[in-house]
Structures are given as C-alpha cells and as structure tokens.
Amino acid sequence: MRNLLLYLLLLSLPAAAQVYTYIDAEGNRVFTDQPRQGNAERIELAPSNGMPSLPTAAPPAPAATARAPAYQVLRILIPEPDATIRDSAGNLIVTASSEPALHDGHSYRLLLDGQSIGATGRSPVFELNNIDRGTHQLAVEIVDAQGHTLERTPNQPLHMLRISLAQKRMVRPCKKADYGVRPECPLKDKPPEKRDIPFVPFI
Numbered sequence: 162m163r164n165l166l167l168y169l170l171l172l173s174l175p176a177a178a179q180v181y182t183y184i185d186a187e188g189n190r191v192f193t194d195q196p197r198q199g200n201a202e203r204i205e206l207a208p209s210n211g212m213p214s215l216p217t218a219a220p221p222a223p224a225a226t227a228r229a230p231a232y233q234v235l236r237i238l239i240p241e242p243d244a245t246i247r248d249s250a251g252n253l254i255v256t257a258s259s260e261p262a263l264h265d266g267h268s269y270r271l272l273l274d275g276q277s278i279g280a281t282g283r284s285p286v287f288e289l290n291n292i293d294r295g296t297h298q299l300a301v302e303i304v305d306a307q308g309h310t311l312e313r314t315p316n317q318p319l320h321m322l323r324i325s326l327a328q329k330r331m332v333r334p335c336k337k338a339d340y341g342v343r344p345e346c347p348l349k350d351k352p353p354e355k356r357d358i359p360f361v362p363f364i
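The C-terminal position of the sequence shown is numbered 364 in my numbering, with every residue numbered one higher than the one before it.
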C-alpha cells in the first residue's frame, strides 16, 4: 500500500522530473527522484493529462448605491404653520425655500387643499386671491419637466378670516376723504354734503 501511494505521488510530479525505483535491503520497492548507483531503474512517465486552470470568475459588481436625494430641505417660509390670515379679499402670499437651490428642469408647484393652484414655475413665491373663509391645507412640491413630484412638504394648516366691509367700517369709520378710496367706503355710501344757505335778512 505504501509503495502504491508513493507511486501515485510520483505520477503527480511535473513531466520534466525524473523518477527512479529500486529494491531496498528489506525487499521493499522504493521510488525516488534521485538517481542511485546499482540496481535503480529509471521509469518513463506518461504525459500529464492535466487541464489548464479555468480563469476565475470576476467578482460580482457591487450593488448600486441608492440615489442620494436631490434636495435635503423643502419648506414653506410664509405663512407659518397654523397661521391665521385676516384679509377681507382672501389674498395670501406663499413663499417656499429649498436646499440646494432649484436644479435645472425642475419647478415649484403650490397645492391648496390637495389641488394644484397658481402657476408652476421656478419662482418659490405664489400670490393667491379670493381664498374662501375657513381652514385650508397648504403644500409645496418640486416637480421635474414631466410634472412628476420629486419632493413635497407636509400639509400645513392655514386659517383664513375674511372681515366683512361692515366690520371694517366699525373698526375704522369712514371719513369724508375715504369714500371711493377704501373698499369698505364706496362712493354710493357717501353721505350728501350739507349746503350752506346764505342768510337773507328780512326787510
């Protein structure tokens, strides 16, 4: 068995190696790669049938990292959250801000109660008119050229109080110069001017 193992090991040597065998003093067959004087015989080995090693597979490409957000901050500056606006005409200015600044091809869009309102564009300032009395929800979006939403602020509550003209007149009564100037002081409500009647003495 030992001789068989030695023989198999010798077969695995490179083709250029020389193999010799002889019988030692104890009658065992010995294989070696060193020539020996006396009864050592050279063994001719068959060509190796080993196959060239296959190229190792390239390591898998690392998974693509998630796309960094285009904007770190998008917020509404004016009005503040839960603000109460008192305006008889229901007018309002909304101002937004983003960090970084708006990228090329992107636009701001204002939402009032979930509906797009006003013009979509690169200006973060929106002018609204005639907003109904009551509580509303404001939000601002950043959209791409196809109108797809990229970023969006949370809904922000707004309370619109529209003071009636009668209430405004009570707070600040109309004076003579106010008629036709202040909306709550129309010309039709201007009281007639008193005419001075000249004094005519009786004879």
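Even glycine gets a Cβ: it sits at the ideal position worked out from N, Cα and C.
What did DSSP end up calling Q276 once you bin it into helix, strand or coil? strand
Local Cβ density within 10 Å of E302, reported as buried at 16 or more and exposed below that: buried
Report the residue from A231, R356, A280, S284 whose alpha carbon sits nearest the alpha carbon of E312. A231
Kindly indicate the opening and closing residues of the beta strand (DSSP E) around V255. 253–260
Just to confirm, are V304 and T310 a CB contact at a threshold of 8 Å? yes
Would DSSP call A327 helix, strand or coil? helix
Would you kindly work out how many angstroms separate the C-alpha atoms of P240 and I254, rounded to a whole number? 8 Å
What residues in its chain sit with their C-beta under 6 Å from that of G275, if we drop five residues either side in the sequence? none
Given this structure, state the Cα-to-Cα distance separating P334 from P352, to the nearest angstrom. 13 Å
Touch check for the stretch 325–334 and the stretch 274–290: three-plus C-beta pairs under 8 Å? no
Buried versus exposed call for L348 [16 or more other C-beta atoms within 10 Å across all chains shown]: exposed
By the 10 Å Cβ neighbour count, where 16 or more other Cβ atoms means buried, how is R247 classified, buried or exposed? exposed
Going by C-alpha to C-alpha distance, which of P242, Q307, A300, S249 sits closest to L322? S249
Which residue marks the beginning of the beta strand (DSSP E) containing Y155, and which one marks its end? The displayed coordinates of the chain run from 162 to 364. Any statement about residue 155 would go beyond what the structure contains.
Considering only residues of the same chain and omitting the five flanking positions on each side of H264, which have a CB-CB separation below 7 Å? A231
Could you tell me how far apart the beta carbons of S258 and R236 are, in whole angstroms, since I believe they sit closer than 8 Å? 6 Å
Checking the sheet assignment: what are the DSSP bridge partners for V191? Y183
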